[in-house]
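Peer 1: From first to last, the protein sequence lines stand for chains A and B.
Everything in the first sequence is counted per the numbering used here, starting at 1 for the first residue and increasing by one.
Everything in the second sequence is counted per the numbering used here, starting at 1001 for the first residue and increasing by one.
Beta carbons are placed, not taken as given, at the ideal position from N, Cα and C, and that holds for glycine.
Predicted model only: the values in this text are computed from it and were never measured.
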Amino acid sequence: MPVNYYIFLSVALFCIGVVGVLTRRNAIIIFMCIELMLNAANLLLVAFSKMHNLALGANAPTLASEAQVFVFFIMVVAAAEVSVGLAIIVMIYRNTHSVDVNFLNRLKN
Amino acid sequence: MSVTQILFWFLSVLAIFSAIMVVANKNPVHSILFLIITFFAISGHYILLNAQFLAIVNIIVYAGAIMVLFLFVVMLMNLNAESEPPQKSKNLMYAGVLAGGCLLLLIVAAIKKADVNSQLVQMKDGDVGLINNLGKVLFTDYVFPFEISSVLFLSAMIGAVVLSKREV
């Protein structure tokens, strides 16, 4: 499978996430689209790791596994970010009873 | 077409369709369920690329923990299709879709100019994604980021607990 197909798939998922962040008004859906963007990047990293493994072979044996270790750390950071972000959203909901970002935008005065 | 290619196209179409349904759905619970399907499709891609550890960790961490946390929060706030804030301005929706489309066009055009054409991806075999090789790299070269990530988790836990305390 040429690597182009993986690049296009990952870019398509990323752009769908971007459209979701720009269009939706619910803060939780925006957060989920950010997770979708992170996963698109993860998929591309894993595809590139296998491409370099095929191209370089035994010359650089740990180069491809470093990309997958990076994906592992991206998942770590995403999990930590989700927990703190959802705590913030729950606190905002407790104070204003709304998760609409347009409503929260007008809170500044 | 070989089984690998059929599986690749099926998983790709499933992932893109579920991602579009995440963005376009009015009910937040349905959006979360479609995102879980997207994560399963991406894990299927990881298994096709023989990244076994990442496939299982993706399912356990993303679909199993993070999405369940999202579902808890959505059920806590009792969000459904009626309480969803509507996007009243249709121009804003068209502008958002147009911006995403322009980004897609830009990146695709940049990639077509680049030189990565037709380099093959090693699928179905290759011992890069196996857990012992990943573990060797993780615990020898990357042991310091590994320990720092535990500090990151500790700070995230403390932050989440402090943010959720009700003022007495």
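Determine the burial state of residue 32 (chain A): buried for a count of at least 16 other Cβ atoms within 10 Å of its Cβ, exposed for fewer.
Peer 2: Answer is buried; the Cβ neighbour count reaches 16.
Peer 1: Assuming residue 41 (chain A) contacts residue 1128 (chain B) (C-beta within less than 8 angstroms), just tell me the rounded distance between them.
Peer 2: Not a contact, Cβ separation roughly 18 angstroms.
Peer 1: At a CB distance below 8 angstroms, what residues from the stretch 1071-1086 of chain B approach chain A? Give them in sequence order.
Peer 2: Going along the stretch 1071-1086 of chain B in chain order, one finds 1073, 1074, 1076, 1077, 1079, 1084, 1085 and 1086 with a Cβ nearer than 8 angstroms to chain A.
Peer 1: Taking residue 1062 (chain B) as the reference, which of A:55, A:62 and A:34 has the closest Cα?
Peer 2: Considering only alpha carbons, the answer is A:34.
Peer 1: Closest to residue 1126 (chain B) by CA distance: which of A:24, A:74, A:49 and A:27 is it?
Peer 2: Per the Cα distances, A:49.
Peer 1: If we ignore side chains and look at the alpha-carbon of each, how far apart do residue 1124 (chain B) and residue 72 (chain A) end up?
Peer 2: In a straight line, the C-alpha of residue 1124 (chain B) is about 20 angstroms away from that of residue 72 (chain A).
Peer 1: Under 7 angstroms Cβ to Cβ from residue 27 (chain A), same chain only, skipping five residues before and after it: list those, please.
Peer 2: Cβ within range, chain order: 89, 99 and 101.
Peer 1: Helix, strand or coil, according to DSSP, for residue 2 (chain A) in the structure here?
Peer 2: Looking at residue 2 (chain A) - three-state DSSP - the assignment turns out to be strand.
Peer 1: With a threshold of 8 angstroms between beta-carbons, can residue 1052 (chain B) be considered close to chain A, or not?
Peer 2: Taking Cβ atoms only, chain A never reaches closer than 8 angstroms to residue 1052 (chain B), which makes this a no.
Peer 1: Measuring only between beta-carbons, confirm whether residue 28 (chain A) sits less than 8 angstroms from chain B.
Peer 2: It does: the Cβ of residue 28 (chain A) has a partner Cβ on chain B nearer than 8 angstroms.
Peer 1: Using a Cβ cut-off of 7 angstroms, which residues of the stretch 1116-1137 of chain B contact any Cβ in chain A, in chain order?
Peer 2: Listed in sequence order: 1116, 1117, 1118, 1119, 1120, 1121, 1122, 1123, 1126, 1128, 1129, 1133, 1134 and 1137.
Peer 1: Quick one: is residue 1086 (chain B) buried, meaning 16 or more other Cβ sit within 10 Å of its Cβ, or exposed?
Peer 2: The residue is exposed, with fewer than 16 neighbouring Cβ atoms inside 10 Å.
Peer 1: Is residue 41 (chain A) close to chain B? Criterion is C-beta to C-beta, closer than 8 angstroms.
Peer 2: By this cut-off, residue 41 (chain A) is not an interface position.
Peer 1: Between the C-alpha atoms of residue 45 (chain A) and residue 3 (chain A), what's the straight-line distance to the nearest angstrom?
Peer 2: Those two C-alpha atoms are separated by around 11 angstroms.
Peer 1: Indicate whether at least one CB of chain A lies closer than 8 angstroms to the CB of residue 1151 (chain B).
Peer 2: So no, residue 1151 (chain B) is outside the interface.
Peer 1: Rank A:1, A:77 and A:97 by C-alpha distance to the C-alpha of residue 38 (chain A) and give the top, closest one.
Peer 2: That would be A:77, whose Cα lies nearest to the Cα of residue 38 (chain A).
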